[in-house]
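Quick notes on the structure that follows.
2 protein chains.
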Amino acid sequence: MTKSSRAAAAAPAPRSLDEVLDLIRDRGGRVTASRRLLLEVLFASPGHHSVEELAKLVQAVEPEVHLSTIYRNVEELERLGVLEHSHLGHGPATYHLTTGAHTHFVCEECGTSIEAPDALFEHLAAQALERYDFAINPHHFAIVGRCASCR
Amino acid sequence: MTKSSRAAAAAPAPRSLDEVLDLIRDRGGRVTASRRLLLEVLFASPGHHSVEELAKLVQAVEPEVHLSTIYRNVEELERLGVLEHSHLGHGPATYHLTTGAHTHFVCEECGTSIEAPDALFEHLAAQALERYDFAINPHHFAIVGRCASCR
DNA sequence: GTGCTTGCAAACGTTTTGCAGACTC
DNA sequence: GAGTCTGCAAAACGTTTGCAAGCAC
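From first to last, the protein sequence lines stand for chains A and B.
Taking this note's numbering, I'd label the letters of the first sequence as residues 6 to 156.
Taking this note's numbering, I'd label the letters of the second sequence as residues 6 to 156.
Put into structure tokens, the structure is as follows:
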């Protein structure tokens, strides 16, 4: 698979917290306490988190921060290319830093999620493009199946 | 994490309306007006439909049928292997008859959905199994990307 | 008659929105 | 001071559930 041609901005690589804050200021946004805190949490535990989980982490430090604020910030950060969300199954979407695109294999039995590099999808991507004129971007939805221990 | 007790059953091939009615009776279910009507609708327009769409189609004939009845019947029919649902993007799940398994390519721009045969995924499936010990079942979630006209 | 199925209403979990006040720049 | 961002409450959305009445067998 080629470049992850995601929506808008030619997705810049991952970055540091400070770089993100600059990015926010650059496009006219304000660096507020809850925004900075959310980013600290994200950089501190860069896995997949639902909005609810992120809220819990943020609220452990600053209980005042409201769930809807997390939703709005997460949306904003996604617009900036800092975050991505994926649907790893039923239930809430999960957000993660855009560090090296990867796809998720999620076990439909136990929910375990395995990350796989884009390279694995090169063949499928080529075929999809050739035969269906379709440019895949598998990051957004997980590929479901069964993991080794559930078979 | 919701327990997806579904699956298991070595999904029998598609069938006629009457076969499905027999199947329902076989396992002790009753053939009711709304159930038969839902099946008629499904066999008459065998595409992908959200529950809401199915309800509209059913209610065009029998307005009394309640949305929750469709939900319950669709769930039951999935248990019987007659239907499958997939998540083609954000928004509601879509149901379709289990006619020959296929995977969906969904354009994240215009929402168009393209059906692709399983054969296309053989290579990926083999790789996933070999390298990650993961048995993929891509039918449940769509592969997103951009279609020809949106690029 | 038994017990599966229905309509209804109400609740659910996730996400979005309108608003007045608070804050960043 | 202008304009962005926040907390809150409420609603929107798709889906599930408890219940009493209704229907298939």
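Ideal Cβ placement from N, Cα and C applies to all residues, glycine included.
A quick note: this is a predicted structure, and the numbers were derived from the prediction, not measured.
Helix, strand or coil, according to DSSP, for residue i in the structure here?
i: R77(B); result: helix
i: R20(B); result: coil
i: V149(B); result: strand
i: L50(B); result: A small fix is needed here, since residue 50(B) is Ser in this sequence, not Leu. It is coil, neither helix nor strand.
Out of the options, which one is the CA nearest neighbour of residue i?
i: E149(A); options: L88(B), P143(B), C152(B); result: For clarity, residue 149(A) is Val in the given sequence; the question names Glu instead. Residue P143(B) is the option with its Cα nearest to V149(A).
i: L125(A); options: G33(B), R136(B), T104(B); result: R136(B)
i: A38(B); options: S50(B), P68(B), D31(B), P51(B); result: P68(B)
i: R30(B); options: L82(B), P122(B), G116(B), E114(B); result: L82(B)
i: E113(A); options: D123(A), L85(A), A153(A); result: A153(A)
i: G34(B); options: G52(B), N78(B), C115(B), E127(B); result: N78(B)
i: G52(B); options: V25(B), R40(B), Y100(B), V36(B); result: Y100(B)
i: R41(B); options: V25(B), C155(B), A121(B), H54(B); result: V25(B)
i: C155(A); options: R32(A), A121(A), A65(A), C115(A); result: C115(A)
Please return the same chain residues whose Cβ sits closer than 7 Å to the Cβ of residue i, not counting the five positions on each side in sequence.
i: I75(A); result: L43, V56, L59, A60, V63
i: R11(A); result: The pLDDT assigned to R11(A) is 35, lower than 50, so where the model puts this residue is not dependable; a value taken from the coordinates is nonetheless given after this. Result list for R11(A): N142, in chain order.
i: E45(B); result: L22
i: F139(A); result: A133
i: S73(B); result: none
i: V66(B); result: L42
i: A121(B); result: H107, T108, F110
i: F48(A); result: L22
In chain order, what residues of the same chain have a beta carbon less than 8 Å from the beta carbon of residue i, not counting five sequence neighbours either side?
i: R20(A); result: L28, V87
i: A147(A); result: S91, H92, L93, G94, T108, H109, F110, V111, S118
i: R32(A); result: L85
i: G96(B); result: S55
i: R151(A); result: C112, E113, E114
i: V36(B); result: L26, I29, R30
i: S50(B); result: L62
For residue i, which residues in the same chain have their Cβ closer than 6 Å to its Cβ, ignoring the five residues on either side in sequence?
i: A98(A); result: H90, H92
i: A14(A); result: Caution is warranted here: a pLDDT of 38 is assigned to A14(A), below 50, making its placement in the model unreliable, and the coordinate value is therefore given only provisionally. If we look at A14(A) and ignore the five residues flanking it on each side, its Cβ neighbours are G86.
i: H145(B); result: S91
Given the structure, does residue i come close to the ligand GDP, in the sense that its CB is under 6 Å from one of the ligand's heavy atoms?
i: L102(A); result: With respect to the ligand GDP, the structure shown offers nothing to examine, as it has no ligands at all.
Report yes or no: do three or more beta-carbon pairs, one from the region 113 to 131 of chain B and one from the region 104 to 117 of chain A, lie closer than 8 Å? no
Could you give the uninterrupted runs of the beta strand (DSSP E) lying entirely in the region 70 to 139 of chain A, keeping only those of 3 residues or more? 88 to 91, 99 to 102, 107 to 112, 118 to 122
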